[in-house]
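Structure first, then comments.
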Amino acid sequence: MQRTPALATESDVIVVGAGLAGLACARALARAGRSVRVLEARARVGGRTWSERMGNAVFDRGGQWLGPGQDRLAALVREYSIATFPTWDEGRKLLEYRGEVLAYDGTIPKLPALALLDLHLGLRRLDALTRQVARPPLSTPDAPRLDGTSVAQWMDAQLHTDAARAVVAAALRVVFGAEPEEISLLYALDYARAGGGFMKLVEVRGGAQETRFVNGAQSVANALAAELGDRVQPGAPVRAIDQSGASGAPVVVVSDAWRFTAERVVVAVPPALAAGIAYTPALPPPREQVHQRMPMGATVKVHLLYDRPFWRARGFSGEAVFERGPISVVFDNTSHDGAQPALVAFIVGDPARTWSLRPEDVRRETVLSLVGRLFGEAARRPTAYVEVDWSTEPYSRGCPVGVFAAGSVRVAGPALQAPTGRIHWAGTETATVFTGYMEGALQSAERVFDELMPLLP
Ligand SMILES: Cc1cc2nc3c(=O)[nH]c(=O)nc-3n(C[C@H](O)[C@H](O)[C@H](O)COP(=O)(O)OP(=O)(O)OC[C@H]3O[C@@H](n4cnc5c(N)ncnc54)[C@H](O)[C@@H]3O)c2cc1C
Numbered sequence: 006m007q008r009t010p011a012l013a014t015e016s017d018v019i020v021v022g023a024g025l026a027g028l029a030c031a032r033a034l035a036r037a038g039r040s041v042r043v044l045e046a047r048a049r050v051g052g053r054t055w056s057e058r059m060g061n062a063v064f065d066r067g068g069q070w071l072g073p074g075q076d077r078l079a080a081l082v083r084e085y086s087i088a089t090f091p092t093w094d095e096g097r098k099l100l101e102y103r104g105e106v107l108a109y110d111g112t113i114p115k116l117p118a119l120a121l122l123d124l125h126l127g128l129r130r131l132d133a134l135t136r137q138v139a140r141p142p143l144s145t146p147d148a149p150r151l152d153g154t155s156v157a158q159w160m161d162a163q164l165h166t167d168a169a170r171a172v173v174a175a176a177l178r179v180v181f182g183a184e185p186e187e188i189s190l191l192y193a194l195d196y197a198r199a200g201g202g203f204m205k206l207v208e209v210r211g212g213a214q215e216t217r218f219v220n221g222a223q224s225v226a227n228a229l230a231a232e233l234g235d236r237v238q239p240g241a242p243v244r245a246i247d248q249s250g251a252s253g254a255p256v257v258v259v260s261d262a263w264r265f266t267a268e269r270v271v272v273a274v275p276p277a278l279a280a281g282i283a284y285t286p287a288l289p290p291p292r293e294q295v296h297q298r299m300p301m302g303a304t305v306k307v308h309l310l311y312d313r314p315f316w317r318a319r320g321f322s323g324e325a326v327f328e329r330g331p332i333s334v335v336f337d338n339t340s341h342d343g344a345q346p347a348l349v350a351f352i353v354g355d356p357a358r359t360w361s362l363r364p365e366d367v368r369r370e371t372v373l374s375l376v377g378r379l380f381g382e383a384a385r386r387p388t389a390y391v392e393v394d395w396s397t398e399p400y401s402r403g404c405p406v407g408v409f410a411a412g413s414v415r416v417a418g419p420a421l422q423a424p425t426g427r428i429h430w431a432g433t434e435t436a437t438v439f440t441g442y443m444e445g446a447l448q449s450a451e452r453v454f455d456e457l458m459p460l461l462p
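Going by my numbering, the first residue of the sequence shown is number 6, and it counts up by one from there.
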């Protein structure tokens, strides 16, 4: 017989999800003197940030970089005295294209002259389009056409060489965890706008990969959770939210062992996860569409640990782009003090989905053979190989972000941030600044806090 969960005391606000969005929102409410409880499905906090010791250092299985303009995250780093350090960016980068390995300096790979020109002009056009995107994105002139176009269609029309297409596709795959065919052009442009431009999202120095956390990015969530203390309840997946009570009656939030009541609820999980909660009454169609139209990207993140950073000795930065994959990019991920040399590789988009189905030893052999081809024999012999397939994480179901496909911004965009009765929606997918990033999660928390405060009794 199924046990009815026991009823627990009432709070002003229940927050669903102890990722950065949920924790930051809860902390703001607690600091404003409100009673708040955070229900987290996993046994840990941090969601898509997840740091663990590997070898002689702590590494990030999830989000790991902080860049300029991510001011909310930088402020928390300062407030909690969290140590950071610059990402290693010295030496030549590599591009594997059509079986050839090409070394280059700067951000743009050294392609044949025609392809290079094509890439430069294409990126310039992309930047010009990004600057035209208005807030909200549907108020952009020509928004329905931009939304109805996939990024791949734009690439087909605007890039004329296979090499330029391959480089842009590899970069987009890493940013979204999705193929250009799967992404609405309007969504991609708005995403790039929110992050300061497409190039900022892919650059190390001056870009979104500029800075790392000495003890991992999860330090931020851990610090927020420590401040919140026993208001955070791990191991409590929310199954149902019921706001069908009479006017003035609290909202009921159901987890496995408990039912909680609150004046308002903040759902701070990606739309693909929010879809797994049963809502009474049923959500209105526009919100339901958000849950149906924002699948998570696919990413397998692989750490390769070594005794020494042999690629640095050979004048390489460790950064490499692969045209075909299954790896799309590699970075040097050596610890701040050099005690644990490491490379990190990302398998993203279609290759992540395909290779996810293969046995780990087959994936491992393939990854090692690819890095070996670039960095030499030593790369084939890591002291440890650690991978996380985010698509198999039941409380993330993919990463780094949920993505709108062509036509979806028009249908579901307006409902992304709009409260549904007493339910408010947070999470990086709802952000208008650095959407998809830790910074976006924090910005969404701020928005929801501002929404809630005038509404609480
Ligand atoms: C591999 C990878 C690399 C990334 N790289 C970067 C990077 O370098 N820089 C950057 O800024 N960002 C990066 N990101 C993205 C960044 O990590 C996220 O944008 C950010 O952490 C999202 O925070 P959030 O609070 O919105 O969502 P989440 O972190 O997803 O938090 C949602 C929380 O809700 C919980 N939950 C889900 N369902 C339920 C339920 N039913 N009941 C209760 N709890 C539930 C989840 O367990 C989770 O803890 C990366 C992400 C990944 C995975």
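From the three backbone atoms N, C-alpha and C, an ideal C-beta is built for every residue, glycine too.
Original post:
Regarding Arg53 and ligand 1, is the C-beta to nearest heavy atom distance less than 8 Å?
Top reply: yes
**OP:** Would you kindly work out how many angstroms separate the C-alpha atoms of Arg150 and Ala254, rounded to a whole number?
**Re:** Distance between the alpha carbons of Arg150 and Ala254 is about 44 Å.
Subject >> Pro364, buried or exposed, once every other Cβ within 10 Å from all chains shown has been counted against 16 >> reply: exposed
Original post:
If we call anything under 9 Å between Cβ atoms a contact, is Val3 one with Ile87?
Top reply: The requested residue 3 does not occur in the structure, where the chain is confined to residues 6 to 462.
Subject >> Counterpart residues of Trp430 in DSSP-defined beta bridges >> reply: Val272
Original post:
Closer than 9 Å, CB to CB, is Val372 near chain B or not?
Top reply: Of the protein chains in this structure there is only one, and it is not chain B.
Original post:
So, using beta-carbon positions, are Thr304 and Ile246 closer together than 9 Å?
Top reply: Contact: no.
**OP:** Please state if the CB of Pro10 and the CB of Val272 are separated by a distance shorter than 9 Å.
**Re:** no
**OP:** Compute every distance between the C-beta of Glu45 and the non-hydrogen atoms of ligand 1, then say whether any falls below 8 Å.
**Re:** yes
Original post:
Within the chosen definition, does the stretch 399-418 reach the stretch 268-287 through at least 3 CB pairs nearer than 8 Å?
Top reply: yes
Subject >> Same chain, Cβ closer than 6 Å to Ala183, five either side skipped, listed in chain order >> reply: Gly302, Gly354 and Val408
Original post:
In terms of residue numbering, what span does the beta strand (DSSP E) encompassing Arg97 cover?
Top reply: Arg97 to Tyr102
Subject >> Under the three-state DSSP convention, the category Thr135 falls into >> reply: Here Thr135 sits in helix by DSSP.
Original post:
Which residues in the same chain as Ala162 place their Cβ atom closer than 7 Å to its Cβ, once the five residues preceding and following it in sequence are excluded?
Top reply: Same-chain partners within the cutoff: there are none.
Original post:
Would you say Arg481 touches ligand 1, meaning its beta carbon is less than 8 Å from a heavy atom?
Top reply: The requested residue 481 is not part of the displayed model; the chain covers only 6 to 462.
**OP:** Enumerate in chain order the residues of its own chain whose CB-to-CB distance from Phe181 is below 7 Å, with the five nearest sequence positions on each side excluded.
**Re:** The answer, listed in chain order, is Ile188, Gly302, Val406 and Val408.
**OP:** Please work out which residues of its chain come closer than 6 Å, Cβ to Cβ, to Asp394, disregarding the five sequence neighbours upstream and downstream, and give them in chain order.
**Re:** Val305 and Ser361
**OP:** Would you grab the beta carbon distance between Gln238 and Val43 for me? Rounded to a whole angstrom, and I think it's under 8 Å.
**Re:** 7 Å
Original post:
When every heavy atom of ligand 1 is checked, does at least one fall within less than 8 Å of the C-beta of Gly444?
Top reply: Per the sequence presented here, residue 444 reads as Glu, with Gly not at that position. Checking the Cβ of Glu444 against ligand 1 gives yes.
Subject >> Integer-rounded CB distance, given that Arg97 should sit under 8 Å from Gly320 >> reply: 6 Å
Original post:
Roughly how far, in whole angstroms, is the beta-carbon of Leu310 from the beta-carbon of Gly68, given that I think they are within contact range, below 8 Å?
Top reply: Between Gly68 and Leu310 the Cβ distance is about 20 Å, and since that is not below 8 Å, they are no contact.
Subject >> Three CB pairs or more closer than 8 Å across the stretch 34-53 and the stretch 200-219 >> reply: no
Original post:
Would Ala174 pass as a contact of Pro185 if the rule is Cβ separation under 9 Å?
Top reply: yes
Original post:
Roughly how many whole angstroms lie between the Cα atoms of Pro462 and Arg452?
Top reply: 19 Å
Subject >> Asn220 versus Arg53 - alpha carbon distance >> reply: 16 Å
Original post:
Can you give, in chain order, each stretch of the beta strand (DSSP E) that sits fully within the stretch 309-397 and has at least 3 residues?
Top reply: Those beta strand (DSSP E) runs which fall completely within the stretch 309-397 and span 3+ residues are 321-327, 332-337, 347-353 and 389-394.
Original post:
Should Trp70 be listed as close to ligand 1, given that the test is whether its C-beta is under 8 Å from any heavy atom?
Top reply: Trp70 Cβ: within cutoff of ligand 1.
**OP:** Find out if the Cβ-Cβ distance for the pair Met443, Gln75 is shorter than 9 Å.
**Re:** yes
Original post:
Can the beta-carbon of Val21 be found closer than 9 Å to that of Val438?
Top reply: When the beta-carbon positions are compared, Val21 and Val438 stay at least 9 Å from each other.
Subject >> Where Thr216 falls, given that 16 or more other Cβ within 10 Å makes a residue buried >> reply: buried
Original post:
Going by alpha carbons, who is nearest to Arg358 out of Gly330, Ala31 and Ser224?
Top reply: Gly330
Subject >> DSSP three-state assignment for Phe454, whether helix, strand or coil >> reply: If DSSP states are grouped into helix, strand and coil, Phe454 belongs with the helices.
**OP:** Compute the minimum distance between the beta carbon of Gly354 and the heavy atoms of ligand 1, and state whether it is under 8 Å.
**Re:** Remark: the shortest separation between the CB of Gly354 and any heavy atom of ligand 1 does not fall under 8 Å.
**OP:** Specify the secondary structure class of Gly407 as computed by DSSP and reduced to three states.
**Re:** strand
Original post:
Using the C-alpha atoms, what's the distance from Ile113 back to Ala410?
Top reply: 27 Å
Original post:
Exposed or buried, what is Glu268 when buried is set at 16 or more other beta-carbons lying within 10 Å of its beta-carbon?
Top reply: buried
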